[in-house]
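*Asks:* For the sequence shown, my numbering assigns the number 4 to the initial residue and increments by one for each residue that follows. For every residue, glycine included, the Cβ atom is placed at its ideal position computed from N, Cα and C. This one's a predicted model, so the numbers in the text were calculated from it and none came from an experiment. Below is a structure I'd like to ask you about.
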Amino acid sequence: MNTIHKKARSYTEFFVFVSPAMIFILLAAIIPFCMSLYYSLTKWNGVGKNIKFIGFDNFVELFTTDTGTLKSLLFTLLYGIMNVILTNVIAITLAVILTKGLKSKAVLRAAFFIPNIISLVIIGFIWKFMFTRVFDALYELTHWSVFQWSWLGNQHLAFISILLVSVWQSVGFYMMIYITGLQSIPSELNEAASIDGVVGLKRFFTITLPLLMPSLTVAFFLTIANSLKVFDIIYTLTFGGPGGSTTSITMDIYNEAFVNNRFGYATAKSLLFVVLILLITILQVKFFKSKEVEA
Numbered sequence: 004m005n006t007i008h009k010k011a012r013s014y015t016e017f018f019v020f021v022s023p024a025m026i027f028i029l030l031a032a033i034i035p036f037c038m039s040l041y042y043s044l045t046k047w048n049g050v051g052k053n054i055k056f057i058g059f060d061n062f063v064e065l066f067t068t069d070t071g072t073l074k075s076l077l078f079t080l081l082y083g084i085m086n087v088i089l090t091n092v093i094a095i096t097l098a099v100i101l102t103k104g105l106k107s108k109a110v111l112r113a114a115f116f117i118p119n120i121i122s123l124v125i126i127g128f129i130w131k132f133m134f135t136r137v138f139d140a141l142y143e144l145t146h147w148s149v150f151q152w153s154w155l156g157n158q159h160l161a162f163i164s165i166l167l168v169s170v171w172q173s174v175g176f177y178m179m180i181y182i183t184g185l186q187s188i189p190s191e192l193n194e195a196a197s198i199d200g201v202v203g204l205k206r207f208f209t210i211t212l213p214l215l216m217p218s219l220t221v222a223f224f225l226t227i228a229n230s231l232k233v234f235d236i237i238y239t240l241t242f243g244g245p246g247g248s249t250t251s252i253t254m255d256i257y258n259e260a261f262v263n264n265r266f267g268y269a270t271a272k273s274l275l276f277v278v279l280i281l282l283i284t285i286l287q288v289k290f291f292k293s294k295e296v297e298a
């Protein structure tokens, strides 16, 4: 009887503590995902009750006639590559500098981190105001041609503007990840390297960087995922313009669903987008994990 009572108690405890999480996951993830699978096979405007099942027609159109998706994919990949490289390089550089014995390092860390706690929508509107009104005022004062350029109206400059704002906003967060990683490296290793004459960039690339790989794995995972999902900055700065040159995949999905009222087609795009992110992040994590070493 005692054995049966213990088993019944353990099952009850398991149900009480685990079932709320399972129910939440079911309602928040599994059921919506299954509904998305169904809607991707339909023709629906997202509002009406008339949902027409069309099979794989959405996916056929996506792979055969939709040139806009390819254009948005190329933009997203180019933006992702540039954003990941610039953000991590700058973040590592700042982390190395701000782990030195600077008196103002606490203030500088806070200054670089503050943009990360501000909403991307607010940051987008602030920078849109700067690229237009503030730059016009600066041109009147300095007459420097750089302030007269159409930063949001030219295709190439619009890309640079989005990239600039994204890096500025997020670099402080990744800097803190790298600072934590650098502080976890035993000081004895650096001291031994100095005695052996390994200093400067040579010490960084042979000792510091390999031991920083766990932080690199996390930071690259987050920057890749966030770069591929970029939406807020584009929505507030350019809305995909000029001429659709800064339309990301997420922006393209948004337009299909809420501008063109093709909810079923947008769902099909979003499913393929999820698969793309999943594949890229798995490959990235697997690669960086293989490069990690222990101190």
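(1) Please classify Leu282: is it buried, with 16 or more other beta-carbons within 10 angstroms of its beta-carbon, or exposed?
(2) Mapping DSSP to helix, strand and coil, what is Lys292?
(3) Using DSSP with H/G/I as helix, E/B as strand and the rest coil, what is Phe56?
(4) The alpha helix (DSSP H) that contains Ser300, what's its start and end?
(5) In or out: Gln151 buried (at least 16 other Cβ within 10 Å) or exposed?
(6) Can you check which of these residues, Ile182, Leu215, Ile188, is closest to Leu111 by C-alpha distance?
(7) Using only the alpha-carbon positions, how far apart do Leu76 and Thr250 sit?
(8) Return the residue from the list Ile227, Met179, Asn193 that minimises the CA-CA distance to Val277.
(9) Skipping 5 residues on each side, what residues in its chain have a beta carbon closer than 8 Å to that of Phe134?
(10) So what does DSSP say about Lys3, is it helix, strand or coil?
(11) Note down the Cα distance separating Ile120 from Leu166, rounded to an integer number of angstroms.
(12) Evaluate Met178 with the Cβ neighbour count: other Cβ atoms within 10 Å of its Cβ, from every protein chain shown; 16 or more gives buried, anything less gives exposed.
(13) Would you report the Cα separation of Gly51 and Ile28, rounded to the nearest angstrom?
*Replies:* A quick look at the data gives this:
(1) Counting from one through the sequence shown, the residue named residue 282 turns up at place 279. Label assigned to Leu282: exposed.
(2) As a first step, residue 292 must be located in the sequence shown, where it is residue number 289. Per DSSP, reduced to three states, the secondary structure at Lys292 is helical.
(3) The residue you call residue 56 lines up with position 53 of the sequence shown. The DSSP-derived three-state label of Phe56 is strand.
(4) Since the displayed the chain opens at 4 and closes at 298, residue 300 lies outside it and no answer follows.
(5) Here residue 151 refers to the residue found at position 148 when the sequence shown is read from its first residue. Classification for Gln151: exposed.
(6) As a first step, residue 111 is located in the sequence shown; it is residue number 108 there, counting from the start. Ranked by Cα distance from Leu111, the options Ile182, Leu215, Ile188 are led by Ile182.
(7) Position 73 of the sequence shown, counted from the start, is the residue given in the question as residue 76. Position 247 of the sequence shown, counted from the start, is the residue given in the question as residue 250. Approximately 9 Å, taken between the alpha carbons.
(8) By 1-based counting over the sequence shown, the position of residue 277 is 274. Put simply, of Ile227, Met179, Asn193 the residue whose alpha carbon is nearest the alpha carbon of Val277 is Ile227.
(9) As a working mapping, residue 134 is identified with position 131 in the sequence shown. Only Trp154, Leu155, Ser164, Leu240 meet the Cβ criterion.
(10) In the structure displayed, the chain extends from 4 to 298; residue 3 sits before or after that span and is not available.
(11) Taking the sequence shown and counting its residues from 1, one reaches residue 120 at position 117. Taking the sequence shown and counting its residues from 1, one reaches residue 166 at position 163. Ile120 and Leu166: Cα-Cα distance of roughly 18 Å.
(12) The sequence position of residue 178 within the sequence shown is 175, counting from 1. Around the beta carbon of Met178, 16 or more other beta carbons sit within 10 angstroms, so the residue counts as buried.
(13) The sequence position of residue 51 within the sequence shown is 48, counting from 1. The sequence position of residue 28 within the sequence shown is 25, counting from 1. Rounded to the nearest whole angstrom, the CA to CA distance from Gly51 to Ile28 is 28 Å.
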